[in-house]
Structure formats: structure tokens, C-alpha cells
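One structure is given below, encoded as C-alpha cells.
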Amino acid sequence: MNIVLLLAPMSIGLGAMGLFAFFWTMKSGQYEDPKGDAERILYDHLDDKPPV
Amino acid sequence: MTQSLALNRDLEAFVRRDAEGLGRLELLVSGARCAACISKIEKAVREVPGVDAARLNLTTGKLAVQLRGREADPGLVVETVEGLGYRACLFDPGEANAAQDREGKELAVALGVAGFGAGNVMMFTVPAWAGIFGQELNGSTLTLMYWMAAIVATPCALFAGRPFFRSAWASLKRGKANMDVPISIGVILTLIVSFSETILRGQHAYFDAAVTLLFLLLIGRYLDHRLRASARSAARDLLALQTPVAMRLIDGAEQGVPVAEVKIGDLLVVAPGDRIPVDGLVERGQSEIDNALITGETALSPVGVGAKLHAGALNLSGRLVMSVTARSEDSTLAAIARLMEAGAQTRSAYVRLADKAAALYVPVVHTAAALTFVGGWAFGLGPREALLRAAAVLIVTCPCALGLAVPAVQIAASSRLFRKGVLVKSGAALERLSEADHVVFDKTGVLTEGRPKLIDAPAHLVAMAAPLARASRHPLAKALAAEAGLGLVATDCVETAGQGVEGLIDGRRARLGRAAFVGVTGGDVRETELWFGFEDSVKIRFVFEDRPRADAAETIARLRGMGLSVEILSGDLAGPVRDIAKAVGVDHWRAGLTPFDKAAIVESLKAEGRKVLMVGDGLNDAAALAKAHASMAPGAAVDAAQNAADLVFTGEGLDTVVVAIDTAVEARRRAMENFGFSALYNLVATPAAMAGLINPFIAALAMAGSSMVVLLNAARPRISWRRR
């Protein structure tokens, strides 16, 4: 049963990483223009980085 | 010509500069759709001198432009985008925009946290359920699992629940209980009971229920917010396209300023085709003014030096210089604005469906929980078991389905309407719209197209006058040109503002315009006519009329079919109103009304107990729009009317009114179905909880199940045989 004490924090840690990744995507404006991003990613000459 | 116009406009007021002098400019661009548009626009704008970077947001249609220094000309940026064939206007995003965004961000963060909590807490509670079914997970291992669940769920629930707690607290302070009150009490009590059970090494803890409930409710709330925000920003964009800039005249140069910054005494330039931005007096120039949006009159009124101009009127033929007599907020519209405010206040007293349900639900459920506790203890269950059962009552009746019942339906209905070009500005608007039993239409611009059309003219006469008509900007001449189609344009044209246009057709001098200008004397002069004639030849008269919208008669017949009565209230003269009323099949009409008359009539209808839907587009309708039970305005309406209206419909057809009412009625029916289902579910679940038959597994199943039923009912496509 002791393995739970190792596995539980690990899985919560992984979940938390996902949560912080979500916060980061939101803060860096990656949801500002979903339609435009879908087009921008297809072409090299368009700037596909999130807006500042 | 437009190029030169743009170049001497100074639009610095729209540039926001930071400490280092770097400027940022926002444009609203319409018509961009694909990667090719993005690349075309961004590339062209980057080549404008002084522009550092340009970025087009395809979702919102906003083009953000960064300027290097002072040398960049915002007017040139607008020109560049328009030169590519897109409509562009400068955008001045207000404070409201930012506040909106903050609320959306907070909900998204709360949703993320609740999702994380709901997902991870299951890791511990799903094994714990095994103990309930008599398998080996028991005793200290179960308690360990619950402690782990508590560590994950408690902070997540407390954080993600903040929007609910805040709204519940605000509602309690006002002495009322909205739907957020039982949600907050449910979540907090669930956490407390679960902790006490875990400490006492009990079997039943509901940490997963608390955070999953919030997760499901936040999904509904976030979608609702997103939809509302996009409808509102679409409505704002419509307005921004209408009166973007006031052109202030300073030392002979034109400088563009946001309308809100105009001061009394300023000199403004109004080009032909522009709307008058604020009230004022004509200082220089001559023109004709279309007051249709202000008074509902279809006749054009000629203005000269010293004439009064009302904000929202359309300047038709000549360039005017006006002095400002009132700012937009305190013009002659102040009285109308006060009426609008009073109307909005009575409206905010409207109790929404969900709150009505909450008012019924809160006392019943909380009494049931209290009775369970008291009764259980009295009948010898012991305080701990009695409290657990009382908590189970609160948890299984936890208003998940009830909390989603209305928002889910409204999200579905609003997005359906959004796709059809109807912007719903608030959820309460749909509820009020569904109750309407009497429809009041404004005439000009609502039942009619709001622009003149040529009647009864032989084609060869139209063709004869067309070359001159094509050279003119006057709306009547434009209507004539539209009738004739493409063709030759007269040469050597000179347009005299408020009079007419003169030019050469095949070498013969001809005039098109008012009777006196063309050389006709005597007879009754009408505003909605044009005269045409070659020099020393017969003069021809063209008569114009504002035609009803193509589907106006059909729309009114369908409204009647739905059991609604219809009435026309117009500020126009009795003659034209009678004609239109007859054409569209309305028996009740009133003409020559002032804005105050309209508001008073709506008020008296309300006093009779009628639920009035007002459809109007003019400033003269704004007060009535605000007072009516529900209101709609077309996308071409003045901003005051659009602000006062609950719904704004874009597009040419009037049938959107029928579609909107239909959708609202259907949404109400679905919401009632959802309430019925929730009531049924609670009727079964409450006795079960009182009898102690509920365990955490059943609670989780019941909660998710009831929410799914409510969501699916909201999203199911409409059954078409119900109403043909």
C-alpha cells in the first residue's frame, strides 16, 4: 500500500502541470483568435505566434 | 478624392501612446475571411510609412497596428485597408470591453481549476466506492483515500466556487435568494460534512460531489458568458461602423475625434453621406437632412445657415460646418434618455425564470433538510446519522440540474439566433420576448426599407434621366440610378447642394433636381419627387416612395397567426402611415406621434396588462423601446435605439422578428420541461436521501445523470411536426 504514497502525489503533480499549462496558454493569449490561428499555421509567411 | 480627404484628416485622437511614444491603433475590419485576407491586409498595412507591425484578429475582426513614431498617419492606414476592398473604421474600445474580458477570464480560470479538481479527486473516490460494495477497501485505507480527496477537492472547490459565493452573498444582502444561494450552501455544507465524516472515520464523504457540481455549473456559466460577450461585441461593432468619428475643424484643418470628446462650441465638419454626430447649428453650407431616424418622417428637410441639426440625422447632399450646441450626453435627447432610464429600471425589476424557481426551491429543500435532521434525531438515529442524512438531502437535491435548466436552453437558443443574425443582449430578454402578446412597429426603417424607391415611371424616361442621376449623391437620384442600372454618366456635372445637379447628356444641357431648379413653377411641391428636363424642353416628374419591406405583410400575418396583435406607431404624417398600414395589413395605426407620445402609449398598454414587444429603429423610438416589455431594433438603427433594445437583428428581412419570438417561446417551453424534470428528480431523490438510501456513488451518478438530461434536452434539435 505504501506505493500509493508515491503514486498519488505524482499523479496530482502531473494534473497540476496540466492546469498550469492551461493558465499559461490563457495568459499568453492563445485563445484570442482561434479562427485566425487555424489559418496562420498553414502558411510560412504569416506570423503564427500569439499576439503580444 | 477620398484619398485627399483622408490625408488632411488628423486622427491622432485614436492613437494610444505609451511612455516611449510608441502608438497603438485599433481598426474594425469587416469582410476578412481567410489566410489570403490576413496576408493581404497585414502586408499592405506594414508598408505604410511609420507602421511597425500589424496583426489582424480574424475572430473579432480587429486589426491592431503598432506605430513607430509621429510620422504615421492613421487615416492612411484606414485608406490602405479600404483600398484593398474591406470596410474599415477606427475603433475606440471602451472600459466596458476590459471589464467583460476580466469576467470571462475569471470564469475560465475557475473552470480550469474545477476541471482539474473533478478529474483528480476521482482518482481517490472511485477506489473508495469499492468499499461501499463490500470489497476490501475499508478502514484506514478508505480514510486515507478520503484525506487525499479532501486535499485536492477543498482548495479547488473553494477557489472555483468564488463566482457563486459572491453572487449568493450579494443576493442575500438584498434579502433575496437566487439560484447561487442553494449552490453555495450545498457546496460548503458538503465539504463540512465530508470533513467531519473523514475525521470520524465514517463511510460517506462527498468531496467529489462538491467539486464536480461546480465543474458542471461552470461549464454552463462560461458558455453563457462567451455567447453573451460575442453578441454584445457584435452589437458594439455595428455601432462603431455607424458613427465612427466626428471631424473637428481647428484652424482650417480637420481632426478626427471620438464623439465622446466633442465639446460645446466646437466646429465640426459633416461630409455628405455622414451622420450628424451631435446636436448643433449650421454655420456654413447648405444641404438636405434625412430625419427619418429621429422623427420617423420620410420627407427630407432642407437646411441652411442657422438651422438646427439633430444628432443621428443623415446629411445628404452638401458639406456642412456646424457648431456644437450640446454634447452627445446632454443634448435635446436628455429627456428621451431620462425616459429610457426609467424604462430600464422597471425592466430590472423583472424576476427571471431561474430566480422564480429558486425562490420556490430554496425554502422547500432547506426545510426538508432541516426536518430530516430534527426528525431523524427525534426518531432515534443519533445526531451524526441525522446530520449525514440532512446533508445527503442537500447534496442530491443540489441544484445542478436546476442551475443548468435555464442557461443551457438560453445558450442553445441564443446561438441559434446568432447564426440567423439576431443578437441577444441578455438572457432575460429572451424570457420577456417569449411573453409578448402585442407587437408595436415603428414605420420608417422597420416596416419600410427606410429609403425611397421610384414608382410608376416608364423605362425610357428613367433611361433618359439616368446619366445625370448617376452623377449625383442625392438619395432620390441614387434611387433613380439604381432603377436604371449601369450606363453612361453625364459630363461637366455640377451639383448644387439642396437644389439639384446640372450636366451635359450627349452635348445637351440638362438638369435634375427640385422643381424650381429645373425650371418648373407652381403646382404643389413635394419633397419626395425629382424633376428632370433638357434645356428648353418638356420637364418630367419622378415620384418616390418609401416601400414596405418585401416580407413585411407576410411577417405581420404570421405574427397574427401566432395570436399576437399588431399596431403601428409612427412619427410620420397620417397619409404615408395609412398607405403602409394598408399595404402590410395592419388595422390599428397612429401617426404624427412625438417620442413622448410613443412612450406614453406603450406605458398605457402596459397598464392594461399587455406585454408589448416594440420594434423600432429611430431616436423617437428609443424611449418606447426601453419602456416596452421586450424590444428589438434593426442593425441600421441609431445607437440610442440599439442600446435600448434587447435584441438587434441584422439583415434585410423582417421575418427575424417572427423567428426570434418563435425561438424565445420554444426556449421557454424547454426551460419549463427542464424544471419539470428537475422537480421529478428531486421528488424521487429527496425521500431516498431522507431514508438514508443515498451513498456517495449514487449521489455522483444522480447528479451527473440529471445534468446530462437537462443539457441534452436543451440541445436536442427542434421537433418540426410540432408547429408547421
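So the protein sequences, as listed, match chains A and B. Mapping of the first sequence onto our numbering: position 7 corresponds to residue 7, and the numbering continues sequentially without gaps. Every number in our numbering is 52 more than the matching position in the second sequence, counting from 1. Every residue, glycine too, gets a C-beta built ideally from N, C-alpha and C. On a predicted model such as this, the values are computed, not experimentally measured, just so you know.
Can you give the Cα-Cα distance for G127(B) and Q307(B), rounded to whole angstroms? As a working mapping, residue 127(B) is identified with position 75 in the second sequence. As a working mapping, residue 307(B) is identified with position 255 in the second sequence. Each residue's Cα considered, the two are about 10 Å apart.
Against L6(A), what residues of chain B qualify as contacts under a CB-to-CB distance less than 7 Å, listed in chain order? In the first sequence, counting from the first residue as 1, residue 6(A) sits at position 6. By Cβ distance, chain B contributes nothing, its closest Cβ being about 13 Å from L6(A), past 7 Å.
Looking only at its chain, what residues have a beta carbon closer than 6 Å to the beta carbon of D407(B), apart from the 5 residues adjacent to it on each side? By 1-based counting over the second sequence, the position of residue 407(B) is 355. The residues are N230.
Cross-strand partners of A106(B) (DSSP beta bridge): In the second sequence, the residue the question calls residue 106(B) occupies position 54. According to DSSP, which records beta bridges pairwise, A106(B) is partnered with V117(B).
Is the beta carbon of S683(B) less than 8 Å from the beta carbon of L706(B)? Stepping through the second sequence from its first residue, residue 683(B) is reached at position 631. Stepping through the second sequence from its first residue, residue 706(B) is reached at position 654. No, the pair does not count as a contact, with Cβ atoms beyond the cut-off.
Where does W583(B) land, buried or exposed, given buried means 16+ other C-beta within 10 angstroms? Along the second sequence, one-based indexing puts residue 583(B) at 531. Result: buried.
Please report the straight-line C-alpha distance between P519(B) and F586(B), rounded to a whole angstrom. Taking the first residue of the second sequence as position 1, residue 519(B) is located at position 467. Taking the first residue of the second sequence as position 1, residue 586(B) is located at position 534. Using only the alpha carbons, I get a separation of about 12 Å.
Where G82(B) falls: helix, strand or coil (DSSP): Taking the second sequence and counting its residues from 1, the one referred to as residue 82(B) is at position 30. The question names Gly, but residue 82(B) is Ser in the sequence shown. DSSP places S82(B) in strand when its eight states are reduced to three.
List the residues of chain E that C86(B) touches, going by C-beta distances under 7 Å, in chain order. The structure shown has no chain E; the protein chains it does contain are A and B.
Looking at A140(B) and the ligand ATP, is the gap between the Cβ and the nearest heavy atom below 7 Å? Annotation note on the ligand ATP: not contained in the displayed structure, which lists no ligands.
Let me know the beta strand (DSSP E) ranges lying completely inside the segment 280 to 362 of chain B, each 3 residues or longer, listed in chain order. 298 to 302, 305 to 309, 319 to 322, 332 to 336, 339 to 342 and 353 to 355
Since T548(B) is in the beta strand (DSSP E), which residue starts that stretch and which ends it? Working through the second sequence from its first residue, we reach residue 548(B) at position 496. It spans T543 to T548 - the beta strand (DSSP E) in which T548(B) sits, taken as one unbroken run.
Anyone know if the C-beta pair for G497(B) and D639(B) falls short of 8 Å? As a first step, residue 497(B) is located in the second sequence; it is residue number 445 there, counting from the start. As a first step, residue 639(B) is located in the second sequence; it is residue number 587 there, counting from the start. No. Outside cutoff.
Any C-beta of chain A sitting closer than 8 Å to the C-beta of S759(B)? In the second sequence, counting from the first residue as 1, residue 759(B) sits at position 707. Not closer than 8 Å to any Cβ of chain A, the Cβ of S759(B) fails to qualify, so no.
Which residue wins for smallest C-alpha separation from Y31(A), given the options S82(B), A453(B), L268(B) and D153(B)? The sequence position of residue 31(A) within the first sequence is 31, counting from 1. With distances taken between Cα atoms, Y31(A) lies closest to D153(B).
What three-state label does DSSP hand G555(B) in the structure shown? For the purposes of this step, residue 555(B) is taken as the residue at position 503 of the second sequence. Looking at G555(B) - three-state DSSP - the assignment turns out to be strand.
In the DSSP assignment, the beta strand (DSSP E) including H490(B) goes from what residue to what residue? What you label residue 490(B) is simply residue 438 of the second sequence in a count that begins at 1. Membership of H490(B) in the beta strand (DSSP E) is indicated by the continuous run H490 to F493.
If L564(B) sits next to A521(B), beta carbons under 8 Å apart, how far is it from one beta carbon to the other, in whole angstroms? Stepping through the second sequence from its first residue, residue 564(B) is reached at position 512. Stepping through the second sequence from its first residue, residue 521(B) is reached at position 469. Confirmed, about 6 Å.
Just checking my contact of A542(B) with G555(B) at CB under 8 Å: how many whole Å lie between their CB atoms? Here residue 542(B) refers to the residue found at position 490 when the second sequence is read from its first residue. Here residue 555(B) refers to the residue found at position 503 when the second sequence is read from its first residue. At roughly 4 Å, the Cβ-Cβ gap stays under 8 Å, so A542(B) and G555(B) are in contact.
Going along the chain, which residues of its own chain have a beta-carbon closer than 8 Å to the beta-carbon of V103(B), five neighbours each way excluded? Taking the second sequence and counting its residues from 1, one reaches residue 103(B) at position 51. The residues are V97, V117, Q118, L119, R120, A124 and V129.
Alpha-carbon spacing of A378(B) relative to L74(B), whole angstroms: As a first step, residue 378(B) is located in the second sequence; it is residue number 326 there, counting from the start. As a first step, residue 74(B) is located in the second sequence; it is residue number 22 there, counting from the start. Straight-line Cα distance between these residues: approximately 34 Å.
Is the Cβ of I3(A) closer than 8 Å to any Cβ of chain B? Translated into positions along the first sequence, residue 3(A) becomes position 3. No, no contact with chain B.
Would you give the residue range spanned by the alpha helix (DSSP H) that R122(B) belongs to? If you number the second sequence from 1, residue 122(B) lands on position 70. Unbroken run through R122(B): none, as it is neither H nor E.
Indicate the three-state DSSP secondary structure (helix, strand or coil) for R484(B) in the structure shown. Counting from one through the second sequence, the residue named residue 484(B) turns up at place 432. DSSP places R484(B) in helix when its eight states are reduced to three.
Closest Cβ-Cβ distance between M17(A) and chain B: below 8 Å? Taking the first sequence and counting its residues from 1, one reaches residue 17(A) at position 17. So no, M17(A) is outside the interface.
Does the segment 436 to 455 of chain B come into contact with the segment 240 to 252 of chain B, if we say contact requires no fewer than three beta-carbon pairs (one atom in each stretch) closer than 8 Å? yes
Give me, in chain order, the residues of the same chain whose beta-carbon lies closer than 6 Å to that of A680(B); leave out the 5 immediate sequence neighbours on both sides. As a working mapping, residue 680(B) is identified with position 628 in the second sequence. V654, V664 and M666.
Helix, strand or coil for L671(B), going by three-state DSSP, please let me know. Here residue 671(B) refers to the residue found at position 619 when the second sequence is read from its first residue. Helix, per DSSP.
From the beta carbon of V18(B), is the nearest beta carbon of chain A less than 8 Å away? Residue coverage of chain B in this structure runs from 53 to 776, which leaves residue 18(B) outside it and unanswerable.
My assumption, with CB atoms under 8 Å, is that G272(B) sits in contact with A420(B). Please give the rounded CB distance. Position 220 of the second sequence holds residue 272(B). Position 368 of the second sequence holds residue 420(B). Between A420(B) and G272(B) the Cβ distance is about 25 Å, and since that is not below 8 Å, they are no contact.
Return the chain-ordered list of same chain residues with a C-beta closer than 7 Å to the C-beta of G358(B), the five sequence neighbours on each side being excluded. On the second sequence, position 306 is the one that residue 358(B) refers to. So the list reads L333 and V334, once near-sequence residues are dropped.
Please name the residue or residues paired with P504(B) in a DSSP beta bridge. As a first step, residue 504(B) must be located in the second sequence, where it is residue number 452. Looking at the DSSP assignment, P504(B) forms a beta bridge with D598(B).
I want to see whether chain A comes within less than 8 Å of S683(B), judged by CB atoms only; does it? Here residue 683(B) is taken as the residue at index 631 of the second sequence, counted from 1. So no, S683(B) is outside the interface.
Alpha carbon of V173(B) to alpha carbon of Y198(B), nearest angstrom: By 1-based counting over the second sequence, the position of residue 173(B) is 121. By 1-based counting over the second sequence, the position of residue 198(B) is 146. So the alpha carbons of these two residues sit roughly 9 Å apart.
I620(B): first and last residue of the uninterrupted beta strand (DSSP E) it sits in: Locating residue 620(B) in the second sequence gives position 568, where the first residue counts as 1. Counting along the chain, the beta strand (DSSP E) containing I620(B) begins and ends at S617 to L621.
Determine, using beta carbons only, whether L405(B) and A723(B) come nearer to each other than 8 Å. One-based indexing of the second sequence puts residue 405(B) at position 353. One-based indexing of the second sequence puts residue 723(B) at position 671. Their beta carbons are under 8 Å apart, which means L405(B) touches A723(B) by this criterion.
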